[in-house]
Amino acid sequence: MKPKEQTQNETQANFRRKDLAKIHIAKKQLGMDDKTYREMLFNITGFRSAADLDSKQRWAVIKHLKARNYRSQHKSAKASGMNRTTAPDRAPLLSKIGAILFHLSLPWSYADGMAKKMFGVDKARWLRPDQLHKVTAALIYHQKRIYKRKEGSVKS
5 MKPKEQTQNE TQANFRRKDL AKIHIAKKQL GMDDKTYREM LFNITGFRSA
55 ADLDSKQRWA VIKHLKARNY RSQHKSAKAS GMNRTTAPDR APLLSKIGAI
105 LFHLSLPWSY ADGMAKKMFG VDKARWLRPD QLHKVTAALI YHQKRIYKRK
155 EGSVKS
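Heads up, the sequence shown is in this note's numbering, so the first residue is 5 and it goes up one at a time.
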């Protein structure tokens, strides 16, 4: 096999692995049992296993799962550790922080930076609930300030 052909095969294999990983992560995220998952695959592609799918069929399945509210994790969420489950007392606050960050188009590293600056803690997910309240309040204040500034520039 020529070196160029080998790298193309490796690239195709990498895409296949990534697509299959997305499909299985979406299955878990959407809470599909095995029977439902295999029926969904069969209805879309005619196959009952994702391993049998070609790239177009994998893309069709991923598109279908995204239409069903599958959302892949952003790289900043993975780096921040926000793709892991958290303690029940912190989960609502972290969810609110995540929503505000999403609304402001900011990465999780922004909240990590706030945690470091405000409390000397490297990751926002490691904060205590009382500290998370303060970070949430700071983000809400930041959000209001940005929208007040945008409103002022629109009226001028």
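Glycine included, C-beta positions come from ideal geometry on N, C-alpha and C.
Threonine 90: not part of any alpha helix (DSSP H); DSSP gives it neither H nor E. Residue Asp58 holds the alpha-carbon nearest to the alpha-carbon of arginine 20 among Ile29, Asp58, Gly50, Met36.
Pairing lysine 100 with aspartate 116 gives a Cβ-Cβ distance that is not under 7 Å.
Straight-line measurement puts the Cα of arginine 94 at about 18 Å from the Cα of glycine 124.
Using a C-beta cut-off of 8 Å, the region 133-140 makes no contact with the region 149-157, since fewer than three inter-stretch Cβ pairs fall below that distance. Nearest to arginine 42 by alpha-carbon distance, out of Met122, Ala54, Lys32, Leu34, is Ala54. Ranked by Cα distance from glutamine 61, the first of Arg153, Thr49, Ala71 is Thr49. By the Cβ neighbour-count rule, arginine 153 is exposed, with fewer than 16 other Cβ atoms within 10 Å of its own.
The three-state reading of DSSP puts asparagine 47 in helix, counting H, G and I together. Remark: three or more beta-carbon pairs, one from each stretch, lie closer than 8 Å, so the region 27-47 and the region 68-78 are flagged as touching. Ranked by Cα distance from leucine 24, the options Ile66, Phe106, Gly102 are led by Ile66. Shown here, valine 125 sits in coil according to DSSP, grouped into three states, outside any helix or strand. Secondary structure note for alanine 55: it is in no alpha helix (DSSP H), with a DSSP letter that is neither H nor E.
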